[in-house]
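J.:
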Amino acid sequence: GQSLEQPSEVTAVEGAIVQINCTYQTSGFYGLSWYQQHDGGAPTFLSYNALDGLEETGRFSSFLSRSDSYGYLLLQELQMKDSASYFCAAGGYQKVTFGTGTKLQVIP
Amino acid sequence: NAGVTQTPKFQVLKTGQSMTLQCAQDMNHNSMYWYRQDPGMGLRLIYYSASEGTTDKGEVPNGYNVSRLNKREFSLRLESAAPSQTSVYFCAIEKSGANVLTFGAGSRLTVL
Chain A
4 GQSLEQPSEV TAVEGAIVQI NCTYQTSGFY GLSWYQQHDG GAPTFLSYNA LDGLEETGRF
64 SSFLSRSDSY GYLLLQELQM KDSASYFCAA GGYQKVTFGT GTKLQVIP
Chain B
65 NAGVTQTPKF QVLKTGQSMT LQCAQDMNHN SMYWYRQDPG MGLRLIYYSA SEGTTDKGEV
125 PNGYNVSRLN KREFSLRLES AAPSQTSVYF CAIEKSGANV LTFGAGSRLT VL
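These protein sequence lines are chains A and B, in that order. Counting along the first sequence from 1, when you hit position 70 you're at 73 in this note's numbering, and nothing is skipped either side. Counting along the second sequence from 1, when you hit position 67 you're at 131 in this note's numbering, and nothing is skipped either side.
1. Any idea if A:PHE32 is buried or exposed, counting beta-carbon neighbours within 10 angstroms, 16 or more meaning buried?
2. Kindly identify the DSSP beta-bridge partner or partners of B:ARG100.
3. Given this structure, state the Cα-to-Cα distance separating A:ASP42 from A:GLY102, to the nearest angstrom.
4. Whose Cβ in chain B lies nearer than 7 Å to the Cβ of A:GLY104?
5. Below 8 Å between beta carbons: does that hold for A:LYS98 and B:LEU109?
6. Does any CB atom of chain B fall closer than 8 Å to the CB of A:PHE90?
7. Name the residue from A:GLY44, A:SER70, A:GLY74 whose alpha carbon lies nearest to the alpha carbon of A:LEU57.
8. Check B:MET91 in the structure and name its three-state DSSP category.
9. For B:PHE154, decide whether its Cβ has a neighbour in chain A, counting only Cβ atoms nearer than 8 Å.
10. What in chain A is Cβ-close to B:ALA169, meaning under 9 Å?
11. Would you tell me roughly how many angstroms separate the C-alpha atoms of A:LEU76 and A:TYR51, rounded to the nearest one?
12. I want to see whether chain A comes within less than 8 Å of B:TYR111, judged by CB atoms only; does it?
13. For the beta strand (DSSP E) containing A:ILE20, list its first residue and its last residue.
14. What residue range does the beta strand (DSSP E) around A:GLN108 cover?
15. Rounded to whole angstroms, what is the Cα-Cα separation between B:LEU176 and B:ARG100?
16. Using only the alpha-carbon positions, how far apart do A:THR26 and A:PHE48 sit?
17. Can you give me the C-alpha to C-alpha distance between A:GLN39 and A:SER88, rounded to a whole angstrom?
18. Considering only the alpha carbon of each residue, which of B:VAL76, B:LYS78, B:THR119, B:SER82 lies closest to B:LEU142?
19. My guess is that B:SER171 and B:GLN75 are in contact by the Cβ rule of under 8 Å, so how many angstroms apart are they, rounded?
20. Using 8 Å as the limit for Cβ to Cβ distance, is A:SER36 near chain B?
21. Thinking C-beta only, is B:PHE138 closer than 8 Å to B:CYS87?
22. Under 7 Å Cβ-Cβ, which residues of chain B neighbour A:GLY94?
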């Protein structure tokens with residue numbers, strides 16, 4: 004089976020940097036992806052790491068270490084609109100399993 | 065949510081009633097998924113389909129059936145709805161091997 008753990012809540016100040024961690028236990032692991040979900044909305048894809056290292060997409064970066072079964076999402080220059088839930092997801096053969104999500108609150 | 069259309073968006077059922085949630089895509093992807101999301105929870109996989117005509121159980125398949133009659137459509141059926149099936153249901157599609165999902169807008173189901 005697959006399980007992913009991430010903090011349930013994080014609070015950060017507008018303009019700051021925040022890191023959301025994810026540890027996973029999986030079989031047949033292909034890569035780690037991140038999704039953003041605003042209240043009442045659908046998850047939307049942010050980033051994907053198939054290989055170890057850092058992937059950068061604008062203000063968002065994601066990191067993967069396969070040897071540590073660990074990844075993180077880094078959000079820079081936080082904006083109020085970044086307040087949302089963030090999910091890590093482990094990709095495998097014909098299956099994608101999600102963590103329970105981290106609710107990020109950005110405060111002024 | 066361009067490319068993935070879910071119907072209905074909202075539905076209220078009484079315990080024991082049946083209904084089918086519909087999902088259609090226009091992105092020609094092979095893999096399609098049904099997830100449920102309960103308040104404050106992550107997404108739990110109900111069923112998935114790697115290609116037309118094939119389906120497999122996910123984490124929480126009990127009480128559900130699915131049908132993938134063609135590449136475009138993947139339906140989820142509740143034969144006898146229970147209050148525990150009150151949830152938001154998301155359909156998602158995946159380009160083969162990419163592990164990147166595109167979600168529909170969701171279907172909010174309440175079972176009384």
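C-beta: ideal position from N, C-alpha, C; glycine also. Computed from a prediction, not measured in an experiment: that's the story for all the values here.
T.: Taking the structure as given:
1. Taking the first residue of the first sequence as 1, we reach residue 32 of chain A at position 29. A:PHE32 comes out buried.
2. In the second sequence, residue 100 of chain B corresponds to position 36, counting from 1. Paired residue(s): B:ARG108, B:TYR153.
3. The residue you call residue 42 of chain A lines up with position 39 of the first sequence. The residue you call residue 102 of chain A lines up with position 99 of the first sequence. Spanning the two alpha carbons is a distance of roughly 17 Å.
4. Numbered from its first residue, the first sequence carries residue 104 of chain A at position 101. Here the neighbours are GLY106.
5. If you number the first sequence from 1, residue 98 of chain A lands on position 95. If you number the second sequence from 1, residue 109 of chain B lands on position 45. Closer than 8 Å, so yes.
6. By one-based count along the first sequence, residue 90 of chain A stands at place 87. Cβ-Cβ to chain B under 8 Å: yes for A:PHE90.
7. Taking the first residue of the first sequence as position 1, residue 57 of chain A is located at position 54. Measuring from the Cα of A:LEU57, the nearest candidate turns out to be A:GLY74.
8. Numbered from its first residue, the second sequence carries residue 91 of chain B at position 27. In this structure, B:MET91 counts as coil in the three-state DSSP scheme.
9. Counting from one through the second sequence, the residue named residue 154 of chain B turns up at place 90. Chain A, which has a Cβ nearer than 8 Å to the Cβ of B:PHE154, makes this yes.
10. As a first step, residue 169 of chain B must be located in the second sequence, where it is residue number 105. Here the neighbours are GLY44, ALA45.
11. Indexing the first sequence from 1 puts residue 76 of chain A at position 73. Indexing the first sequence from 1 puts residue 51 of chain A at position 48. Going from the Cα of A:LEU76 to the Cα of A:TYR51 covers about 10 Å.
12. For the purposes of this step, residue 111 of chain B is taken as the residue at position 47 of the second sequence. By this cut-off, B:TYR111 is not an interface position.
13. Counting from 1 along the first sequence, the entry for residue 20 of chain A is found at position 17. Counting along the chain, A:ILE20 falls outside any beta strand (DSSP E), and DSSP gives it neither H nor E.
14. Within the first sequence, numbered from 1, the residue matching residue 108 of chain A stands at position 105. Looking at the DSSP string, the run of the beta strand (DSSP E) that includes A:GLN108 is 105-110.
15. To locate residue 176 of chain B, count along the second sequence from 1; it is residue 112. To locate residue 100 of chain B, count along the second sequence from 1; it is residue 36. When rounded, the distance between both Cα atoms is 18 Å.
16. One-based indexing of the first sequence puts residue 26 of chain A at position 23. One-based indexing of the first sequence puts residue 48 of chain A at position 45. So the alpha carbons of these two residues sit roughly 19 Å apart.
17. Start at 1 with the first residue of the first sequence, and residue 39 of chain A comes out as number 36. Start at 1 with the first residue of the first sequence, and residue 88 of chain A comes out as number 85. Whole-angstrom Cα-Cα distance: 6 Å.
18. As a working note, residue 142 of chain B is residue 78 in the second sequence. Per the Cα distances, B:SER82.
19. Locating residue 171 of chain B in the second sequence gives position 107, where the first residue counts as 1. Locating residue 75 of chain B in the second sequence gives position 11, where the first residue counts as 1. The Cβ separation is near 7 Å, so the contact holds.
20. Here residue 36 of chain A refers to the residue found at position 33 when the first sequence is read from its first residue. So, interface residue.
21. As a working mapping, residue 87 of chain B is identified with position 23 in the second sequence. As a working mapping, residue 138 of chain B is identified with position 74 in the second sequence. Yes, these two residues count as a Cβ contact at 8 Å.
22. Here residue 94 of chain A is taken as the residue at index 91 of the first sequence, counted from 1. Near A:GLY94 (Cβ distances below 7 Å), the residues of chain B are ASN163.
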